[in-house]
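Q: Submitted below is the structure of interest, expressed as structure tokens.
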Amino acid sequence: MSFTDILPLGKWVEFENEIHRKSGLNANVYDINGIRITDNTNWANRLCPVIKANGKGISFICATANMNMASQTKLTGEPIIEECDAGLIKIAVPIFVGDKFIGTVGGCGLLIEEGEVDFFLVNKITGIYENKIKSLSDGIKTISEEKAQAITDYTWNRINRFVRDYVNKQYSVSLAA
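If you want it as structure tokens, here you go:
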């Protein structure tokens, strides 16, 4: 079972772009190993690309958050909303076909209202100077908890529809055979 069994790769890219347009989040689809299935990128801010370009940043901030959240969604079968170690919001919505977990759809890169970037921790992990982190963090948009929940619910509903359409198509093909 792969993502392209459910939707063509181009449709997954369209879905990532749609989530970004609706929320401002950098949206991505991840496989069970936390690897993005597309190379599509819509950055939510100027800080994240710098963190991801840093070996320690991508390993100890981004990848760690992706793997932890994917594990949680796999165990619970439910979407989650948390912050990464940099202090930015991260959502993860599981994708199951029946009982088979195939990955997640997620979004990240905004601040929860009243939230703040953890300049100290980003500096300690990446070695990037705090002044540069602060400068790159200027203008990071915020998202309310309600809007974060709404985009998570929207994503969850769309994923469930994609999977339902796939299952129905498989069922109708097996009936025709």
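Residue numbers (our numbering): 433 to 609.
Backbone N, C-alpha and C fix where the C-beta goes; we use that ideal spot for every residue, glycine too.
These numbers were taken from a predicted model, which means no experiment stands behind them.
(1) Unbroken alpha helix (DSSP H) runs of length 4 or more, entirely within the region 489-559: which are they?
(2) Count the other CB atoms within 10 Å of the CB of ASP574; is the residue buried (16 or more) or exposed (fewer)?
(3) Between THR558, LEU439, GLY571, which lies nearest to ARG612 when the distance is taken from Cα to Cα?
(4) Starting from ASP570, trace the beta strand (DSSP E) in both directions and tell me its first and last residue.
(5) Which two residues bound the contiguous alpha helix (DSSP H) that contains ALA476?
(6) With 16 other CB atoms within 10 Å as the buried threshold, where does PHE694 fall?
(7) Around the Cβ of ILE467, are there at least 16 other Cβ atoms within 10 angstroms (buried) or fewer (exposed)?
(8) Taking C-beta to C-beta, are GLU548 and ASN555 nearer than 7 angstroms?
(9) From the DSSP output, read off the bridge partner residues of ARG468.
(10) Which residue comes first and which comes last in the alpha helix (DSSP H) that contains LEU441?
(11) Roughly how many angstroms lie between the CA atoms of VAL537 and MET501, to the nearest whole one?
A: On the basis of the supplied data:
(1) 495-508, 551-558
(2) By 1-based counting over the sequence shown, the position of residue 574 is 142. It is worth fixing the name first, because residue 574 is Thr in this sequence and not Asp. Counting Cβ neighbours within 10 Å, THR574 comes out exposed, since fewer than 16 surround it.
(3) Residue coverage of the chain in this structure runs from 433 to 609, which leaves residue 612 outside it and unanswerable.
(4) Walking along the sequence shown from the start, residue 570 turns up at place 138. No beta strand (DSSP E) contains ASP570, which DSSP labels as neither H nor E.
(5) What you label residue 476 is simply residue 44 of the sequence shown in a count that begins at 1. Neither: ALA476 is in no alpha helix (DSSP H) and is coded neither H nor E.
(6) No statement about residue 694 is possible, as the shown extent of the chain runs from 433 to 609 and does not include it.
(7) What you label residue 467 is simply residue 35 of the sequence shown in a count that begins at 1. Exposed is the call here.
(8) Taking the first residue of the sequence shown as position 1, residue 548 is located at position 116. Taking the first residue of the sequence shown as position 1, residue 555 is located at position 123. Result no, Cβ atoms of GLU548 and ASN555 do not sit closer than 7 angstroms.
(9) Numbered from 1 along the sequence shown, position 36 holds the residue referred to as residue 468. In the DSSP output, where bridge partners are listed per residue, ARG468 has TYR462.
(10) Translated into positions along the sequence shown, residue 441 becomes position 9. Per DSSP, LEU441 belongs to the alpha helix (DSSP H) from 441-455.
(11) Working through the sequence shown from its first residue, we reach residue 537 at position 105. Working through the sequence shown from its first residue, we reach residue 501 at position 69. Approximately 11 angstroms between the Cα atoms of the pair.
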